[in-house]
Every structure is written in C-alpha cells, then in structure tokens.
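When we follow the numbering used here, the leftmost residue of the sequence shown carries the number -14, and every step to the right adds one. We treat Cβ as the ideally placed atom computed from N, Cα and C, and that holds for glycine. This structure is a prediction, so every number in the text was calculated from the model and none was measured. Here's the structure, in structure tokens; my notes come after.
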Amino acid sequence: MKRFNFGMVMVFLVLFVAGCSVSDQKERVLIDANSLHQEVDVVEDIEEIEDLELSEEALREVERLEKLEALYEQGLKIANYDLERTFESLDLYRPLHLTSDFSGSNMVYIVERGGLVYQVEKDSGVSDVFLDLSGLVDSSKSETGLLGLAFAPNYPEDLRVFVNYTDSSGTKLAVMEAGLVNDVLTAKEERLITILTFEQPFANHNGGHISFGLDGYLYIASGDGGSGGDPNNYAQGLGNPLGKILRIDVGDSYTFNETQGYSIPKDNPFVDVEGAMEEIYAYGLRNPWKYSFDQIRHVMIAADVGQDAVEEINLIVAGGNYGWSRYEGSELYKDIDIDGAVEMPIYEYRHNLGQSITGGYTYYGDKIPSLYGVYVYGDFMTGRIWGLWINEDGSLVNVLIAETDMRISSFGLDGDGEIYVIDYRGGIYRFVEG
Ligand SMILES: [Ca+2]
C-alpha cells in the first residue's frame, strides 16, 4: 500500500472545502472544516481516504497530488532520442494537428489544413476519412484552412466534434455530431452548426487550436488578425477576439449548441467589464500556435510565435495580458501604452535557434519514462525539439532533445498520453529512447 503525504492531503482538503460551490454542499458536509483535523489524523493511506466518501472529483485531485509529489521526487531525467516514422501508408498533405477522442479508443485523428480529418487505428495504422470539410474551408493562404479539432470531453456518450476553420468570411467555430457511416463512426458535415464567428482582417495569424480544459470549458486560440506588428493593436483591445485565448461553455449536448450556441463561464475574467468581450480568457498574444494543459501540474502552457526576434512560452492565467504588441517576448517591440501588468514568458529563445515556435504537450505516457513530466515543444523553421522541465519552485530546465529536418507543425497526444511529432510535409513521428 502506498503511504500518503498527510500534509498535502490536508492542504488539499482545506482548499477543496474553501473552493466548494453551492452544488458541492454534499461534499462540504462530508469534509466539514471543523472535523477535518480529526479525520486527517486517522487517514493512513489512499484507500482510507476513499472511505471518507469524498466526491469523485476530490479523489481525482488527491490522486493528482500524489502523482505531483512523485514527479518532483523523481526529477528530470533526459535520455537520447530517435524519431521513428509511423503511419507511413497515410499520404498526408499539410497535416497540422493530431489528437485523440480520449475515450479509451485506439484511434488518433490527424487534421489536414485542407479540411480532411483521418482516423487512424494507432497500432495497425489502418485509416478512414473521419471528416471532410474541404468544400467549406478556405485553405488557399498559407495560414488558413481547418486549424482545430476537439472531441467532447465525454465522447462518445456525447458525440459532438468541434472544429475551428477559416473560410472567406473569417474564423468559424462549429460543432457537429459523429454518426455511423458504413459502420465507421464519422463526423457528419450536414449537421454542422456554427456557434462562433469572427472576421480576420488579414490572412495570416489565425491561431485556431481548440481544446477542452481541465475545467470542461472549450478554449480557443486566436491570432492577432495578421499582417505584421499588429498594426491595429488588436491583441491589446478587449473589445475584439483577436490575439486572445477565449473560453466558452458549450454545455453537454448537441441540442445545447443548436439552441443556445454557447454560454460564458461565470468566472471568465472580463464578465461584466464594460467594453470587453466576455469570451476573453487571456490577451496580448500574437499567434498562439498550440497550447496544452499539464495534467499533473495543472497549468496551461501556450507557445506564442514571435515577430522578428523572439519566440515565447507562456503560462496562461485567467485575465493575463501577455504583452504583444508592446512586447515581443520580454523585449520592447512597439512603444504603445498598455494597461496593467504584463505576464512575461516563462521561457523564450531568439531567432538564432528558431523562427516559429510550435507548442507541444507535457508528456505523461508510459513508453518514454525519461520524458515523464517534460513539456515537449519545437520550432517549425529549424526542426529543433526541446524539453522544458518546470520545477516545483517555478525554476526551469530547457534541454535540446532532437535536431530534425522537419517542418514541425504540431505535436499530438494519443489516448494513452503518447506523444507524436507532425511534419508539415506529411510525416508523423514517435520518439524512441536511444
Ligand atoms: Ca508575450
């Protein structure tokens, strides 16, 4: 039986009680703060904590804290890596995303900018077309097309599939339901409903990554609208959706989208702020090209592509201003006045090492133990791949882990948390410890 860190559990329980909402009243009674210390005194291991009848959510949190403690105890262990081509029979054209439905299925989904999504059985490599939006999207410019894909958090009980794409009118976030076509579960364009749309003043910097957060809300990355240097200072404006991370609540059914579209999470940072779009979660970004949620550290990490000099990695917090276009990375770019404090990047590199950052994922899979807990990211232009380790005190270790000749358009996770590297020229790769 695993021993458990009482201090950590106590801190968590106190925080959990403090953070309870009205709907959590049952839990609040069960772990009433007055009796907390007595309860903790008798708890000896995780199994006994389960006997306290904590909610599933609370148990998951206790489990996470145990993993977090083990992660920092283990520390960083980098090895040598090779990259091995996979799914070679797939003839991909400009792939820019790979994801899973996270249902325990054996499938990964690969997104092409032109609008095709393939579902690939990850062990056999057998593939089908899952979705074809090539008739809808405009992929005629280098940064336009089908840019994001996310499955409902409890897929396939909830069969919704979300996409983010550009067409001639700008950015569209849309939803449809998957259904069986010739015995293959396939997303059906016919029932595609657009739930959010905004104009793109220029063809470049469309962001486009969409993903559900650990809170169940849908996050949407948007670029600053394009051109160069954000000529209209969109990223700093709270009245527009450009240069932002947006966060919306899409409910838990297709009917919700059909009738309500989406709603604003009550704790979005700009709710009831005059002149601000309530969808905004964070701002001051240039072209966030891939963000992800660290499942154990519980942080949101976004890479933001630089203009002329600096590529950056940011920890995204609610209401955070990430500085663009006054700052490029931590350097002054343009002398404009901006309000309030700026969240500077946690890490940045200059253009001698790379010219277009591609954000990745924190690895928690089984196959490459030396990458456990490491945030893996790369550069589209130079093909370099790095691992960033975040210590408990926030200090960082950044290690070059591979030099490739790829155009790295994305990283991706399958349902087991195994990581893939996507070469925009058509290849999918996996890490192998060398
Ligand atoms: Ca910034």
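Setting aside the 5 residues that flank it on each side, L101 is surrounded in the same chain by V114, D117 and S119, each with a C-beta closer than 7 angstroms to its C-beta; the list follows chain order.
A326 sits in coil when the DSSP states are folded into three classes, being neither helix nor strand. C-alpha of T244 to C-alpha of L144: approximately 17 angstroms in a straight line. The residue among F241, E388, G363 and V111 with its C-alpha nearest the C-alpha of T71 is V111.
P186 is the residue among V258, S109, P186 and L170 whose C-alpha sits nearest the C-alpha of S153. Classified as exposed, H283 has fewer than 16 neighbouring CB atoms from the shown chains inside 10 Å of its CB.
Note on R415: 16 or more other CB atoms within 10 angstroms of its CB, so buried under the neighbour-count rule. When the beta-carbon positions are compared, L199 and F278 come within less than 8 angstroms of each other.
Burial state of K251 is exposed, judged by a 10 Å Cβ sphere holding fewer than 16 other Cβ atoms.
Taking all protein chains shown into account, L317 has fewer than 16 neighbouring C-beta atoms within 10 Å of its C-beta and is therefore exposed. With 16 or more other CB atoms across the displayed protein chains lying within 10 angstroms of its CB, I342 is buried. Ranked by Cα distance from S238, the first of A163, G305 and L56 is A163. Ranked by Cα distance from L373, the first of R410, T367, V47 and V382 is V382. A check of alpha carbon separations from G214 across R176, I281 and D320 identifies D320 as the nearest. Under the rule that a run must span 4 or more residues, the alpha helix (DSSP H) segments found entirely inside the segment 183 to 261 read 239 to 245.
Judged by pairs of C-beta atoms under 8 angstroms, the segment 55 to 67 touches the segment 346 to 361, as three or more such pairs exist. DSSP places E377 outside both helix and strand once states are collapsed to three, so it counts as coil.
Judged by their CB atoms, G192 and S207 are nearer to each other than the 8 angstroms cut-off. As computed with DSSP, V417 is found in a beta bridge with D67.
Here the C-alpha atom of V256 lies approximately 17 angstroms from the C-alpha atom of L227. Separation of D324 and S315 (C-alpha to C-alpha, rounded to the nearest whole angstrom) is 16 angstroms. Nearest neighbour of G291 by Cα position, chosen from M285, L270, V302 and I301, turns out to be L270.
Around the beta-carbon of N167, fewer than 16 other beta-carbon atoms lie within 10 Å, marking it exposed. Linking R392 to N272 through their CA atoms gives a straight-line distance of about 17 angstroms.
Taking 8 angstroms as the cut-off, the Cβ atoms of D86 and F136 count as close.
Its Cα nearest to that of Y332, the residue Y362 stands out among S310, D108, Y362 and N306. In the DSSP assignment, K157 falls within the unbroken beta strand (DSSP E) covering G155 to V166.
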